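Q: This structure is in structure tokens; I'll ask about it shortly.
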Amino acid sequence: MLIGRPPLLYRGIRPSSLAVVRRWMSSYDPSDFQFGGAGFSSRVDTDTPTFGPLGDASSGINKLTPRALKHHLDRFVVGQNRSKRILSTAIYHHYKRIQQLHQRQEEQDEVLRSSQAMGAQILDAEEIQHQPRTVHVPPKGDRSSICDLSPLTIEKSNVLCLGPTGVGKTLMLRTLARVLEVPFSMSDCTPFTQAGYVGEDADVCIHRLLAAANWDTRRAESGIVCLDEFDKIAKPKSPYGSKDISGEGVQQALLKIIEGTTLQISTKPERRPPAGLPNSPNSSNSSFGAGMAGGGGAKGETFTIDTSNILFIFTGAFIGMQKHIIDRVAKGSIGFNAHVRGSSVDELAEDQELMKELTPFFSSSVEEADEADYEPGTKTRIKKRKFNPLELTEPSDLISFGLIPEIVGRIPIIAAVESLDEDMLVRVLTEPRNALLKQYTELFALSGVELRFTSPALRQIAKSAIAMNTGARGLRTVMERILSDAMFESPGSSIRYVLVTEAVSKRECPPAYFARGQQHVFHSIIATEEEEWAVRTEERKSSTTGNNNAALVSGPSRGQPGRKRAAGFT
93 MLIGRPPLLY
103 RGIRPSSLAV
113 VRRWMSSYDP
123 SDFQFGGAGF
133 SSRVDTDTPT
143 FGPLGDASSG
153 INKLTPRALK
163 HHLDRFVVGQ
173 NRSKRILSTA
183 IYHHYKRIQQ
193 LHQRQEEQDE
203 VLRSSQAMGA
213 QILDAEEIQH
223 QPRTVHVPPK
233 GDRSSICDLS
243 PLTIEKSNVL
253 CLGPTGVGKT
263 LMLRTLARVL
273 EVPFSMSDCT
283 PFTQAGYVGE
293 DADVCIHRLL
303 AAANWDTRRA
313 ESGIVCLDEF
323 DKIAKPKSPY
333 GSKDISGEGV
343 QQALLKIIEG
353 TTLQISTKPE
363 RRPPAGLPNS
373 PNSSNSSFGA
383 GMAGGGGAKG
393 ETFTIDTSNI
403 LFIFTGAFIG
413 MQKHIIDRVA
423 KGSIGFNAHV
433 RGSSVDELAE
443 DQELMKELTP
453 FFSSSVEEAD
463 EADYEPGTKT
473 RIKKRKFNPL
483 ELTEPSDLIS
493 FGLIPEIVGR
503 IPIIAAVESL
513 DEDMLVRVLT
523 EPRNALLKQY
533 TELFALSGVE
543 LRFTSPALRQ
553 IAKSAIAMNT
563 GARGLRTVME
573 RILSDAMFES
583 PGSSIRYVLV
593 TEAVSKRECP
603 PAYFARGQQH
613 VFHSIIATEE
623 EEWAVRTEER
633 KSSTTGNNNA
643 ALVSGPSRGQ
653 PGRKRAAGFT
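Counting from 93, one number per residue, gives the positions in the sequence shown under this note's numbering.
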């Protein structure tokens, strides 16, 4: 600016020039400047975003980390800390690996374009000068020394997630795929058969992934395929019987897809009804159907897709795997000075010393637990952590179960999920973002009705779900049975409050209904039952602590065996 300069700089400037400068300064408006309209000043505002060439520059901190993915999973899935860590790390590495591949591909395309442009310029110059094109012949070298200039390739690591049903395996995968905006498809392995037999071919999973990617092969080649019920295609243990068309044959077909191959995915053209029918294209009601039949799948096209960079995640219950693991562990606990253990799953899960011996590598990781496992504000664990025998799964166990060694060797990561106990099911009802209790509360609120559950009622609902042996899926079944009458009676009636108590959850009586003027009665019943439940909980906790202290002082009684003599024997 000219105003702040010394008078020496104004020498030689004519009055007419100063008038031009004054008019230019009077027409100055800070909003005329680009990149935010703040003008130029000596003050820097760090809260405003960066514009211009540095607008897309990285701040040096990568927000997407395995820890961030795990924290995101905690909002939707209760428990399963070890599995969350493994899946978050595996999918994070898949995401970074795909980013690197795309970056390298863009660099190669840029180099190719530059070389083609340079070659065209050289060719034009030689044609102008009427000179023959120069051919560069590389020098003859020693053929015995071969130099590979290809960049380092990071191969994918497929994941096997095994454990009981209804504990969150599918939910964890869908949540991670949604937050990363990666194409994700899930296929059930049960209907898979060999090619030529009635059933689905193994490449159907890639067809579903391509459809999930909106028929974009570039996005589909970096997606995630989840094969559920993977244990259902295990080889039958008996060599006799009918021909195995859904076991080893399907595994062999999946082997090529998992390893990486090029598939030709053909989509069938859409079958349109003849003109004049209600759903025909000429009909006035066909606008909705035409909007639904979008994408490349309705054109009968053929897509070529490479499966080398697709991440495969296998899930299954693997019923009977725990017993096989216990039998394998028992062989190593026989003999003098050997750690003797029980033969049941519960005894193995509660044997803290044995599990720490068998899992020395990640013993510090499995000790991590939720905040609900500790006393508030302290580091005192409320209950002893129960180890999961499936965490000891080895490739030999999977081969003995019926998987072929070629597929087992291509699944380096194994994540074991554990069954949900009563406390976890109560948390599933209340804590997640899409908790079942929040869903039913919102469902009743749409009809102007307030729905409430007492603490003992939630505990009883969890007990009923455990008896069904379906995991967290049993919670919805129990809730539907309890609230079926209330969902029928409440809409359009004078009912404004619905209360589910412990007696209601035991199905000893129907839910309690209250009108608009009975709000104080509604809240008083809730307060009374909550106080009774708090007293019962405190008494149960004190009695449990007293029994544990007495057992530590007295030790095992003379009439009861203190420790088993050998593995599997009393």
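All C-beta atoms in this analysis are idealised placements derived from N, C-alpha and C, irrespective of residue type, glycine included.
A quick note: this is a predicted structure, and the numbers were derived from the prediction, not measured.
Give the secondary structure of residue 556 by DSSP, where H, G and I count as helix, E and B as strand, and everything else as coil.
A: helix
Q: Could you tell me which of 526, 414, 527 sits nearest to residue 480, measuring between CA atoms?
A: 414
Q: What does a CB cutoff of less than 8 Å around residue 339 pick up in its chain, not counting 5 residues either side in sequence?
A: 325, 326, 327, 328, 494
Q: Run through the segment 557-619 for me and flag every whole beta strand (DSSP E) of 3 or more residues, listed as ranges in chain order.
A: 589-592, 604-606
Q: In terms of residue numbering, what span does the alpha helix (DSSP H) encompassing residue 267 cover?
A: 261-272
Q: Cβ of residue 541 within 8 Å of Cβ of residue 574?
A: no
Q: Return the first residue and the last residue of the beta strand (DSSP E) that residue 55 is part of.
A: This structure leaves residue 55 out entirely; the chain is present only between 93 and 662.
Q: Could you compute how far the alpha carbon of residue 288 sits from the alpha carbon of residue 510?
A: 38 Å
Q: Report the three-state DSSP secondary structure of residue 410 (helix, strand or coil).
A: coil
Q: Pull up the DSSP beta-bridge partners for residue 168, would you.
A: Note: residue 168 sits in no beta bridge, so no partner.
Q: Can you tell me whether residue 293 is helix, strand or coil according to DSSP?
A: coil
Q: With DSSP as the reference, label residue 279 as helix, strand or coil.
A: strand
Q: Residue range of the alpha helix (DSSP H) that residue 531 falls in?
A: 528-537
Q: With distance defined between alpha-carbon atoms, name the residue in 600, 344, 310 nearest to residue 293.
A: 344
Q: Going by DSSP, name the residue or residues bridged to residue 394.
A: 358
Q: Check for me: the beta strand (DSSP E) holding residue 542 runs from which residue to which?
A: 542-545
Q: If you draw a straight line from the C-alpha of residue 543 to the C-alpha of residue 530, how long is it?
A: 10 Å
Q: What residue range does the beta strand (DSSP E) around residue 506 cover?
A: Boundaries of the beta strand (DSSP E) around residue 506: 505-508.
Q: Suppose contacts are defined by Cβ-Cβ distances below 8 Å. Is residue 395 in contact with residue 357 by that definition?
A: It is a contact, given that the beta carbons lie within the stated cut-off.
Q: Would residue 506 and residue 497 qualify as a contact pair, given that the criterion is a beta-carbon distance under 8 Å?
A: no
Q: When the Cα of residue 295 is compared with those of 610, 397, 201, which residue comes out closest?
A: Nearest C-alpha to residue 295: 397.
Q: Less than 8 Å between the C-beta atoms of residue 250 and residue 349, yes or no?
A: no
Q: What three-state label does DSSP hand residue 383 in the structure shown?
A: Here the model assigns residue 383 a pLDDT of 39, short of 50, so the residue's position is not dependable, and the following value carries that caveat. Shown here, residue 383 sits in a helix according to DSSP, grouped into three states.
Q: To the nearest angstrom, how far is the alpha carbon of residue 279 from that of residue 322?
A: 10 Å
Q: How about the segment 563-572 and the segment 252-264: do they share at least three Cβ pairs that are nearer than 8 Å?
A: yes
Q: Do you know offhand how far residue 418's Cα is from residue 526's?
A: 36 Å
Q: So residue 512 is in the alpha helix (DSSP H); what residue range does that whole segment cover?
A: Unbroken run through residue 512: none, as it is neither H nor E.
Q: Over what stretch of residues does the beta strand (DSSP E) that includes residue 490 continue unbroken?
A: No beta strand (DSSP E) holds residue 490; the alpha helix (DSSP H) holding it covers 487-493.
Q: Using DSSP's beta-bridge definition, name the partner residues of residue 251.
A: 405, 505
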